[in-house]
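Asker: Numbering-wise, the sequence shown is residues 5 to 198 according to the numbering used here. Ideal placement from N, C-alpha and C gives every residue a C-beta, glycine not left out.
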Amino acid sequence: MSTSAENIETMGDEETAESYYTHVEGVGAIPRDIYKHVKSDPLGDLPRYSIHIVIQHFLTFVAFLILAATGLSLHFSDLWWARQITFLFGGTDNARLVHKMAAAVMVAASIYHLLTIIGGTLHKVMKKQFDIKKTQIPRLKDLHDLVHDIKYFFGREQFRPKMEKFMYKQKLHYLAILWGTFVLISAGITLLFP
5 MSTSAENIET MGDEETAESY YTHVEGVGAI PRDIYKHVKS DPLGDLPRYS IHIVIQHFLT
65 FVAFLILAAT GLSLHFSDLW WARQITFLFG GTDNARLVHK MAAAVMVAAS IYHLLTIIGG
125 TLHKVMKKQF DIKKTQIPRL KDLHDLVHDI KYFFGREQFR PKMEKFMYKQ KLHYLAILWG
185 TFVLISAGIT LLFP
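1. Where Ser81 and Val102 are concerned, what is the direct C-alpha to C-alpha distance, given to the nearest angstrom?
2. When DSSP labels each residue in this structure, what does Glu18 get in the three-state scheme?
3. For Gly118, count the other beta carbons within 10 Å of its own beta carbon; 16 or more makes it buried, fewer makes it exposed. Which is it?
4. Give me the Cα-Cα distance between Leu78 and Leu195, rounded to the nearest whole angstrom.
5. Taking the straight line between their C-alpha atoms, what separation do you get for Val199 and Ala108?
6. Which term fits Pro165, buried or exposed, when burial requires 16 or more other beta carbons within 10 angstroms of its beta carbon?
7. In chain order, which alpha helix (DSSP H) runs of at least 4 residues are fully inside the region 140-190?
8. Put Thr194 into one of helix, strand or coil per three-state DSSP.
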């Protein structure tokens, strides 16, 4: 399966850069008529993640929202807004129970994620299809891309660096979420079993 970036055809120099490109915050300069040069595949052009990763994202998202609502309302139970949220969950005891159930979902989603990532990586290694460029594993290129991007933002480079499937920002976000989830689960376990 090809990506949109691979399908973009190169253009001639008929127009100036100012009239041909538009600046998109966080993306950089893109052609104004890019839609004319992309071979679109509505059923398969955009997927970046497998169904397993999508399910894990959904479970983690829902669990985190519930954990935040119940955890903050229980911790700040003397404040007016916390009492309202606790009331919505049916009282303190129910809020605690819902919090523990959401924590179990978060732990299960994290284990599911680790098994999916490890299993998928091993599967690709065994089939000799593993490409580190298509993973979220940080590489030295990410550091070079970061420096290049900073230079671009200060006008020292004309174009942003050529990114791979996951750019350095996405890898940093991923590592932050991994670390944050580990801290939340560790803190929850120590509070549950003092």
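Answerer: Let me lay it out:
1. Counted from its first residue, the sequence shown places residue 81 at position 77. Counted from its first residue, the sequence shown places residue 102 at position 98. Straight-line Cα distance between these residues: approximately 16 Å.
2. Along the sequence shown, read from residue 1 onward, the residue named residue 18 stands at position 14. Low per-residue confidence applies at Glu18: pLDDT is 49, beneath 50, and the placement is therefore not dependable enough to give any value.
3. The residue you call residue 118 lines up with position 114 of the sequence shown. Note that residue 118 is Leu in the sequence shown here, rather than Gly. Classification for Leu118: exposed.
4. Here residue 78 refers to the residue found at position 74 of the sequence shown. Here residue 195 refers to the residue found at position 191 of the sequence shown. Approximately 13 Å between the Cα atoms of the pair.
5. Since the displayed the chain opens at 5 and closes at 198, residue 199 lies outside it and no answer follows.
6. By one-based count along the sequence shown, residue 165 stands at place 161. Buried is the call here.
7. 144-157
8. As a first step, residue 194 must be located in the sequence shown, where it is residue number 190. DSSP places Thr194 in helix when its eight states are reduced to three.
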